[in-house]
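In what follows, a single structure is set out as structure tokens and then discussed.
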Amino acid sequence: MSDNFSSKKSASSEKSDSSKKTGSSEESESAKESGSIKSTDLTNQSESPKVIAVPGWMLPGIVVVGSVFILASAKAFLLPLVASCLLALTLSPAVYQLGRLGIPRFINSLLMVLISAGLIVLAVWVIAPAIVKWVERAPEQIVSVVDSDRELKDTIHSLKETSEKVTKAVEDIVQSPPKNTTVVQGDNWSETALSLLQQGLGATLVIMTLTFFLLSNGNLLILNLVRQSAKKPHRRRLIKLFRKLRFEVGRYLGAVFLINLTVGLVTSAIMWFFDVPMPWVWAVLVTLMRFIPYVGVSMVAILIFLVSITHFGHLIPAVLPPLSFLVLSSITGLFIDPMVHGVRLKVNPVIVFISVIFWGWLWGIAGAILAVPMLTIILVVSDCMNWKRFYSVVHAK
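What the sequence shown shows, in our numbering, is residues 13 to 409, in sequence order.
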């Protein structure tokens with residue numbers, strides 16, 4: 013009897029346990045279902061935005077477009093900064109040599125900045141009034157030259173008649189009613205030149221101030237940057253980079269400036285010999301424009317021809333001055349530049365030309381002048397930092 017009673021008791025306990033388990037499992041399943049229903053309701057109520065995956069091949073293009081947009085938008089900030097860094101690199105060898113004589117670095121930096129500022133102000137004072145006067149007189153002189161030359165006058169008259177006929181034929185085809193034309197009188201050249209001169213003087217003041225600080229306190233900034241690197245190989249690489257930038261690139265930029273200044277002075281003497289107006293202006297223009305490879309020399313030759321044709325009034329006397337300048341530039345490029353432009357000759361000419369076009373389009377004439385020095389610095393940085401792929405593309409083998 014006792015055995016039967018115990019067996020019945022155990023069976024009833026097992027049934028109760030199983031019923032509890034099934035009940036708890038059913039409750040957990042119902043809780044899960046209710047939780048899933050609540051979660052789906054919440055997701056339906058607040059729909060999260062869909063994330064669109066960008067293909068990997070689009071990322072470089074996005075980076076390039078964004079970088080170009082930033083460079084164009086920050087021109088007012090980046091252009092004086094880049095010009096100050098390049099000017100500091102150009103003046104750093106002279107500051108270093110004066111420091112070896114026992115002169116304090118503060119005085120050396122101030123002296124070189126004052127000399128540079130004086131040269132810039134002198135160049136602007138020489139070139140600006142002469143260019144403004146020539147631009148104001150050039151249209152009248154060109155008209156007088158055209159009137160004095162019958163063949164040229166007949167050619168221009170025939171071209172004008174042809175243009176009028178083509179315009180009339182197009183208007184007849186389109187049959188568009190004539191529109192009222194409004195003449196907008198532009199600003200005077202002198203007012204425009206004065207506003208540009210004020211902007212240039214303000215930018216020059218910023219550049220000279222920043223250059224002074226870079227020359228006087230640049231070593232401390234470089235040491236702080238080097239100390240940020242935790243590994244010794246990285247520190248050595250950074251020290252090598254800054255030394256190479258200071259000495260090799262600085263000497264290169266200084267040598268290029270001296271060559272351009274010499275060519276400019278010789279060009280000024282040639283213009284004086286041929287009795288071309290504004291002979292002193294060409295020294296400044298040639299010194300600046302020779303920093304732009306391929307394009308700068310051509311632009312100066314065209315300007316010399318325009319000034320000569322408006323002054324002499326005949327073709328043969330007007331051709332001799334620009335031809336003499338081109339001969340001088342060719343001799344300098346063939347014999348003098350290869351001995352000095354050691355870094356420059358290592359850059360692929362296609363990359364140089366693309367760089368000039370890009371920076372000229374982005375920052376104007378100042379960007380075109382700074383294009384090759386910036387490309388030279390980029391080449392030195394890629395060499396020191398072991399950017400082998402970029403260096404192999406830019407480097408001319």
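All C-beta atoms, glycine included, are put in the ideal place defined by N, C-alpha and C.
Length of the line joining the Cα atoms of residue i and residue j
i: I304; j: V384; result: 7 Å
i: S280; j: I328; result: 20 Å
i: V196; j: M351; result: Reliability fails at V196, whose pLDDT of 47 lies under 50, so the model's placement of it is uncertain and the value that follows must be treated cautiously. V196 and M351: Cα-Cα distance of roughly 53 Å.
i: G376; j: L297; result: 16 Å
i: K145; j: V138; result: 12 Å
i: S342; j: F286; result: 19 Å
i: L91; j: L387; result: 15 Å
i: I321; j: A330; result: 5 Å
i: W294; j: Y403; result: 37 Å
i: G47; j: M70; result: No answer about G47 holds up, because its pLDDT of 48 lies below 50 and its placement is not dependable.
i: V312; j: L208; result: 21 Å
i: P141; j: Q210; result: 14 Å
i: P116; j: N231; result: 14 Å
i: S128; j: I219; result: 11 Å
i: L110; j: N229; result: 16 Å
i: L391; j: M397; result: 10 Å
i: L318; j: V309; result: 14 Å
i: G78; j: P72; result: 10 Å
i: V362; j: Y306; result: 11 Å
CB of residue i within 8 Å of CB of residue j, strictly
i: I348; j: I282; result: no
i: A380; j: V368; result: yes
i: V288; j: P333; result: yes
i: T102; j: F269; result: yes
i: S121; j: V107; result: yes
i: L226; j: A100; result: yes
i: V125; j: T216; result: no
i: L300; j: A84; result: no
i: V359; j: V405; result: no
i: L382; j: V94; result: yes
i: L113; j: L265; result: no
i: L340; j: V278; result: yes
Presumed contact (8 Å Cβ cut-off) between residue i and residue j, rounded CB distance
i: L257; j: L237; result: Actually they do not touch by this definition, with Cβ atoms about 12 Å apart.
i: L253; j: V393; result: 6 Å
i: I314; j: F337; result: The Cβ separation is near 11 Å, so there is no contact.
Cut-off 8 Å between Cβ atoms - residues of its own chain near residue i, not counting five sequence neighbours on either side
i: N16; result: The predicted model places N16 with a pLDDT of 47, which falls under 50 and marks its position as unreliable; any figure quoted below should be read in that light. Contacts found: none.
i: F324; result: A330
i: A80; result: According to the sequence displayed, residue 80 carries Val and not Ala. Result list for V80: L374, in chain order.
Contacting residues, own chain, Cβ-Cβ under 7 Å from residue i (five flanking each side not counted)
i: W292; result: V138, S280
i: S104; result: L227, R258, G262
i: I389; result: L257, V261
Cβ neighbours of residue i in the same chain (closer than 6 Å, five flanking residues each side left out)
i: W399; result: none
Original post:
Hey, which unbroken runs of the alpha helix (DSSP H) at 4 residues or more fall wholly within the segment 239–303?
Top reply: Complete alpha helix (DSSP H) runs here, min 4: 244–256, 262–285, 291–301.
**OP:** Within the segment 300–365, note down every full alpha helix (DSSP H) run reaching 4 residues or more, in order along the chain.
**Re:** As summarised for the segment 300–365, the continuous alpha helix (DSSP H) elements at least 4 residues long and confined to that stretch are 307–324, 327–343, 349–352, given in chain order.
Original post:
Unbroken alpha helix (DSSP H) runs of length 4 or more, entirely within the segment 80–112: which are they?
Top reply: Counting only runs of 4 or more, we get 87–112.
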